[in-house]
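Below: one structure, written as structure tokens.
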Amino acid sequence: MTTTAKLSDTRYSATRINALGEKISTVGLYALKASTITVLGWIGAMKFTAYEAGAIEGLVASSPLTSWLYKVTSVQGASNFIGTTEIAVAALIVLGFKFPKAALLGALGAIGTFFVTASLLFTAPVTEASLGGFPALSVVPGQFLLKDLVLLAAAIFLAGQALQETAKS
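Each residue of the sequence shown is one higher than the one before, counting from 1128 in my numbering.
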């Protein structure tokens, strides 16, 4: 096999690998949108239950970003407000499949939502004292909140994608 043939095969392989990478990235983008919509919509809907309102009470109360909610409404009212916000953000991301500007608003809303929940890692009691404290995270709320760092990163990625789609339209 000549050097030219080897280079040609390498380019062909690189082109095929790149095309496969693009297809996988597209599937990943749709999966990221769908999972973000599911997380926001499902957890948002749960906020309308007394169970969930009680479960988040300590978290909401511990944060300077959210504790004000209890000064203007009840525990259930605050939970309903948070749930409504989460469902609205999910709906905007859904609308974004047709309207890129809605996707951008939804992604920005998701950034805000997940920024607030990730910030609870610094305001809520998240370490496990029996294991010596930091860096040992409690299961709830520590490990439960840690996933919001990934969700925040996903929302930032979706905002970038939405900006690109908005620029095209």
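Backbone N, C-alpha and C fix where the C-beta goes; we use that ideal spot for every residue, glycine too.
Determine the direct distance from the alpha carbon of residue j to that of residue i, and round the result to whole angstroms.
{"i": "L1235", "j": "A1282", "result": "7 Å"}
{"i": "L1192", "j": "T1212", "result": "15 Å"}
{"i": "G1168", "j": "S1190", "result": "23 Å"}
{"i": "L1222", "j": "S1257", "result": "46 Å"}
{"i": "T1165", "j": "A1217", "result": "8 Å"}
{"i": "S1162", "j": "R1143", "result": "28 Å"}
{"i": "T1293", "j": "F1284", "result": "14 Å"}
{"i": "T1254", "j": "P1262", "result": "7 Å"}
{"i": "T1244", "j": "D1275", "result": "7 Å"}
{"i": "G1171", "j": "I1214", "result": "5 Å"}
{"i": "K1295", "j": "G1259", "result": "52 Å"}
{"i": "I1209", "j": "A1158", "result": "24 Å"}
{"i": "F1175", "j": "S1140", "result": "53 Å"}
{"i": "G1148", "j": "Y1178", "result": "43 Å"}
{"i": "F1224", "j": "V1154", "result": "14 Å"}
{"i": "K1160", "j": "M1173", "result": "20 Å"}
{"i": "L1264", "j": "A1280", "result": "20 Å"}
{"i": "I1151", "j": "N1145", "result": "10 Å"}
{"i": "S1206", "j": "A1180", "result": "5 Å"}
By DSSP, does residue i sit in helix, in strand, or in coil?
{"i": "T1254", "result": "strand"}
{"i": "L1264", "result": "strand"}
{"i": "P1191", "result": "coil"}
{"i": "G1223", "result": "coil"}
{"i": "K1174", "result": "coil"}
{"i": "G1259", "result": "coil"}
{"i": "T1200", "result": "coil"}
{"i": "S1140", "result": "helix"}
{"i": "S1296", "result": "coil"}
Tell me, to the nearest whole angstrom, how far the beta carbon of residue i is from that of residue j; I am working on the premise that it is less than 8 Å.
{"i": "L1273", "j": "L1247", "result": "The pair is not a contact, with the Cβ atoms about 10 Å apart (cut-off 8 Å)."}
{"i": "A1286", "j": "I1238", "result": "6 Å"}
{"i": "L1290", "j": "F1241", "result": "Rounded, the Cβ-Cβ distance is 18 Å, inconsistent with contact."}
Please check if any C-beta of chain B sits within less than 9 Å of the C-beta of residue i.
{"i": "A1289", "result": "Of the protein chains in the structure, only one exists, and it is not chain B."}
Given 8 Å, three or more beta-carbon pairs between the segment 1173–1190 and the segment 1251–1268: Pairwise C-beta distances place the segment 1173–1190 in contact with the segment 1251–1268, as three or more of them are shorter than 8 Å.
Segment contact, 8 Å Cβ cut-off, at least three pairs: the segment 1248–1265 with the segment 1195–1205: Because the criterion of three Cβ pairs below 8 Å is not met, the segment 1248–1265 and the segment 1195–1205 do not touch.
Segment contact, 8 Å Cβ cut-off, at least three pairs: the segment 1224–1235 with the segment 1201–1209: Output reads no: the segment 1201–1209 does not touch the segment 1224–1235.
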